[in-house]
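These notes concern the structure reproduced below.
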Amino acid sequence: MGERLLIALGGNAMTAPDGSAAPEHQRAAVEEAMRHVRTLLDAGHRVTLTHGNGPQVGNLLLKNQLAAAVVPPVPLDWCGAQTQATIGTLIMNALGPRVATVVTRTLVDPADPGFAEPVKPIGRYFTEEEARRFEKLGQTWRSFGRGWRRVVASPEPLEILDAGAVTTLMDAGFTVVAAGGGGVPVVRQPGGVLTGVEAVIDKDLAAALLARAVRAKVLIIATDVPHAMIGYGGPDPRPIGRISLPELRVLHAAGHFAGGSMGPKVEAALRFVAAGGERAVITSLPEIAAALDGDVGTQVEKGQ
Ligand code: ADP
Ligand code: MG
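Numbers 1 to 304, taken from the UniProt record's numbering, label the letters of the sequence shown in order.
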């Protein structure tokens, strides 16, 4: 029997192994990723896909900067919307008929602490001199040893505003691409009008929300490692297989999962299952079919 699935694709599904985001490398990576997704579709599952967009947004920001004297730079939320469209198009071309991409907005709180103290680095490294120039334009830049990078808010996703359209398309038999890059961040103005904000939303946390909203049974977080591990990077790393919500919470609180990489994936898995989702799986892209069968991957269930 086919299940409703939400698959979150990491950077390795959209860029070359060395991180290159040249168009032909993006296309090749997406085509390879979709071969694995195709296996699940052929088995009768209903799939919504979401994806990261870090390198793609980084490239757009650089273009904005280089062309600023000629073409007015566009805000970060516009860059996010553009990458949803381009990556969605690549996925639709790779998957064939009955696939739709939904430009998706994610509601955030204008009072989120991230706006007062932005910490999420985006785009490339620059020299201090260049960073200071951008600071004068109102941006926040920080030194990261290798150079300076722009930092922006990464607010909590509150609601996937376009989840209704995604559900309707799924119910009609479409494979849907949605909430790419965590969704285009928007805030609700006092009068009710929605406006975009300069922020980026964690794609795994947005995936957990979207998975609940479209009533997915399983959230599959597809990355570049087959399992989340205990003691990652240490002398004795151990893969985590089947694990209950309380057990994983303990490991998460003990700091086993790095912030900005495995941390948000574990957090997303915990949130999805705590909110009533049946199972969350963290695994590598080539293993998604085996992981759905429960054979590999970190398998998070509610437990007792
Ligand atoms: P994606 O691009 O798929 O979102 P990330 O690079 O953000 O993936 O996160 C996956 C990476 O997290 C792995 O390649 C690994 O280097 C890192 N990582 C950090 N902590 C752990 C851990 N405890 N177990 C496994 N991988 C971890
Ligand atoms: Mg990565």
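The C-beta atom is built at its ideal place from N, Cα and C for all residues, glycine as well.
Next item on the list: Decide if E24 is buried, meaning its Cβ has at least 16 other Cβ atoms within 10 Å, or exposed.
Entry: exposed
Checklist line | Span of the beta strand (DSSP E) around L61 | finding: It is not in any beta strand (DSSP E) - L61 instead sits in the alpha helix (DSSP H) that spans G54 to L66.
Margin query: Using the three-state DSSP reduction, which class does E3 fall into: helix, strand or coil?
Written below: coil
Margin query: Any heavy atom of the ligand ADP closer than 8 angstroms to the beta-carbon of S154?
Written below: no
Check: Less than 8 angstroms between the CB of T50 and some heavy atom of the ligand ADP, yes or no?
Finding: no
Note to self: I'd like the span of the alpha helix (DSSP H) that includes V200, first residue to last.
What the structure shows: Per DSSP, V200 belongs to no alpha helix (DSSP H) and is neither H nor E.
Check: Which residue comes first and which comes last in the beta strand (DSSP E) that contains residue 307?
Finding: With the chain covering 1 to 304 only, the question about residue 307 has no answer from this structure.
Checklist line | Straight-line Cα distance separating R98 from K203 | finding: 24 angstroms
Margin query: Which residue wins for smallest C-alpha separation from E247, given the options E301, A213, P226 and V152?
Written below: E301
Item checked: Simplified DSSP assignment, three categories, for L194 -> strand
Note to self: Any heavy atom of the ligand ADP inside 8 angstroms of the beta-carbon of S261?
What the structure shows: yes
Note to self: Quick check on L76: does DSSP put it in helix, strand or coil?
What the structure shows: helix
Margin query: Quick check on DSSP: helix, strand or coil for A211?
Written below: helix
Checklist line | the region 9-17 in contact with the region 139-151 per 3-pair CB rule at 8 angstroms | finding: no
Checklist line | Residues bridged to Q299 (per DSSP) | finding: R242 and V281
Next item on the list: Name the residue from W141, P110 and F126 whose alpha carbon lies nearest to the alpha carbon of P185.
Entry: P110
Checklist line | Buried or exposed by the 16-neighbour rule on C-beta atoms within 10 Å, applied to P155 | finding: buried
Check: If you run the structure through DSSP and keep just helix, strand and coil, what is A69?
Finding: coil
Next item on the list: With a threshold of 16 other CB atoms inside 10 Å of the CB of E278, please say whether the residue is buried or exposed.
Entry: exposed
Next item on the list: Look up S143 in the DSSP assignment and give the residues it is bridged to.
Entry: W148
Next item on the list: Would you mind stating whether V151 and T50 have Cβ atoms separated by less than 9 angstroms?
Entry: no
Checklist line | Euclidean distance between Cα positions of R242 and V47 | finding: 23 angstroms
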